[in-house]
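**Q** This structure is in structure tokens; I'll ask about it shortly.
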């Protein structure tokens, strides 16, 4: 099939200007082919090399997980088998075992025995402000810099980033798709410098990809909800279709923990939105903020199941007994923890939280910006880090680690019974060159093709 670029991408590439030249994802056995322009940094990933436009088709020779193999009670391997997936109108219409009779007159595409994994979900990213796609810039040294210093730096950077923020957001969307992600939650600056411009640009970028990428938006008062006096702007953002009210370190930035959190929650209650707050504080004030958030949800049933604490580093400071109690309260109020699976001294107690029933999800945070240059946009890599950090090097625990990257969706349940994919499921998945989930988590292979609602949105696929 000949390469066809959607109009939004033609527009993006033709107007990229100083952004780097696009690169394409090669065929099923290939990797990224970069055509970086001189004096540029990251290459923007142009992810679709051929367009699968059929609403009804077969994807043949797909490897699905069938169950675990045991030595006594120990999982030592994963059994797989080949299937043909019948995709119709964005859902999985049928799973045909190998050598079964396939429906005639339906276009066929070949997966070449690759493993099918659920589509990934990047549930904490900042698509609206990034160095990605522009000249290389390392963050400035942060030694001795406070968060207020970083906010001051950002006030200078935002006017430089805004003119190309829509194009760069689209570049990041393409990067995430190339890594197997089709769902995201993006925080978006609401601040006195950019006003609502960052949000407008992000919404235009998402509109250009509405058929191939789903993204919730958090209105994020990066310069402090009270400190930057953006209550009015935040409320305007809610009227523009934003799904979550954000917040930031209510003691370190706003200097008034209860007042700041009350203001954040009041916007959410007034508008019927959810909450997703950045909470980096590790001092006793951070613990107090976690408890205050739980107390507020207990007092306001409308917030039940609608609150996320991002980072939540204060949980690393709790004793085992207090952590267990706090985790139970978080689970009871259905409060989600969004973690980037940090390495270093702040080792988050993610397994302990999950064990108590807290839903834990992960995200990129930043791919490259003035905070960090280390992001890859790869959620499978987050599962790899999770397995390493929490000693999950055996077949069973490696396969379980993938849950953090997929929003809890796993091919096999804990008893080794297939739980995905099923007839009627959304056709959202990615293909990898691996024998099973455990190998995929341990080796982090390239994603050869990514599908969203049955549409090929990244990579390429051959006719059968």
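In our numbering, the protein residues as written are 61 to 524.
For glycine and all other residues, C-beta sits at the position ideal for the given N, C-alpha and C.
Here the structure is a predicted model, which is why all the values come from computation and not from measurement.
1) How many Å lie between residue 522 and residue 463 at the Cα?
2) The alpha helix (DSSP H) with residue 264 in it runs from where to where?
3) Helix, strand or coil: which one does DSSP assign to residue 249?
4) For a test of your reading of the model: does the CB of residue 193 fall under 8 Å from any non-hydrogen atom of the ligand MN? Yes or no.
5) Could you compute how far the alpha carbon of residue 231 sits from the alpha carbon of residue 246?
6) Assuming the contact rule is C-beta atoms closer than 8 Å, residue 185 and residue 229 should be a hit. Round their C-beta distance to whole Å, please.
7) Comparing alpha-carbon positions, which option in 421, 407, 441 lies nearest residue 377?
8) What is the residue span of the alpha helix (DSSP H) that residue 291 lies within?
9) To the nearest angstrom, how far is it from the Cα of residue 262 to the Cα of residue 253?
10) Please classify residue 369: is it buried, with 16 or more other beta-carbons within 10 angstroms of its beta-carbon, or exposed?
11) State the CB to CB distance for the pair residue 256 and residue 323, rounded to an integer number of angstroms; the pair is presumed to be in contact (CB under 8 Å).
12) Mind checking whether residue 501 and residue 458 have CB atoms under 9 Å apart?
13) Where does residue 506 fall in DSSP's three states?
14) Can you tell me which of the three DSSP states residue 530 falls into?
15) Return helix, strand or coil for residue 123, following the three-state DSSP convention.
16) Does the region 467-482 come close enough to the region 443-455 to have 3 or more Cβ pairs within less than 8 Å?
17) Are the beta-carbon atoms belonging to residue 421 and residue 436 less than 9 Å from one another?
18) Would you mind reading off the limits of the beta strand (DSSP E) that contains residue 146?
19) What number of angstroms, rounded off, separates the C-alpha of residue 260 from the C-alpha of residue 302?
20) Between residue 587 and residue 239, how many whole angstroms is the CB-CB distance? I'm expecting something under 8 Å.
21) State the DSSP-derived secondary structure class of residue 483, mapped to helix, strand or coil.
22) At which residues does the beta strand (DSSP E) containing residue 425 begin and terminate?
23) Note down, in chain order, each residue of its chain lying with its Cβ closer than 8 Å to the Cβ of residue 362, except the 5 sequence neighbours on either side.
24) Residue 305 to residue 117, Cα distance in whole Å?
25) On the three-state DSSP scale, how would you describe residue 308?
26) Just confirm the distance between the C-beta atoms of residue 281 and residue 250, as a whole number of angstroms; I'd bet it's less than 8 Å.
27) Could you check what DSSP says for residue 152 in three-state terms: helix, strand or coil?
28) In whole angstroms, give me the CA-to-CA distance for residue 198 and residue 264.
29) List the DSSP bridge partners of residue 280.
30) State the start and end residues of the unbroken beta strand (DSSP E) segment that holds residue 398.
31) Out of curiosity, what's the CA-to-CA distance linking residue 476 and residue 432?
32) Is residue 123 closer than 9 Å to residue 141 when the C-beta atoms are compared?
33) Compare the C-beta of residue 159 against all C-beta atoms of chain D and say whether one is closer than 9 Å.
34) Tell me whether residue 520 is buried or exposed, calling it buried when 16 or more other Cβ atoms sit within 10 Å of its Cβ.
35) Would you please state the rounded distance, in angstroms, between the beta carbons of residue 156 and residue 169? I believe it to be under 8 Å.
36) Relative to the C-alpha of residue 158, which residue among 165, 425, 146 is closest?
**A** In short:
1) 29 Å
2) 257-267
3) strand
4) As presented, the structure is devoid of all ligands, the ligand MN included, so that no description of it is given.
5) 14 Å
6) Between residue 229 and residue 185 the Cβ distance is about 10 Å, and since that is not below 8 Å, they are no contact.
7) 407
8) 291-299
9) 16 Å
10) buried
11) Not confirmed; about 18 Å, so no contact.
12) yes
13) coil
14) Residue 530 falls outside the range modelled here, since the chain spans only 61 to 524, and no answer is possible.
15) strand
16) no
17) no
18) 134-148
19) 11 Å
20) The structure shown has nothing for residue 587, since the chain only spans 61 to 524.
21) coil
22) Element bounds for residue 425: n/a, residue is neither H nor E.
23) 329, 332
24) 41 Å
25) strand
26) 6 Å
27) strand
28) 28 Å
29) 249
30) 396-399
31) 39 Å
32) yes
33) Going by chain labels, chain D is absent from the structure shown, which holds only one protein chain.
34) buried
35) At roughly 14 Å, the Cβ-Cβ gap does not stay under 8 Å, so residue 156 and residue 169 are not in contact.
36) 146
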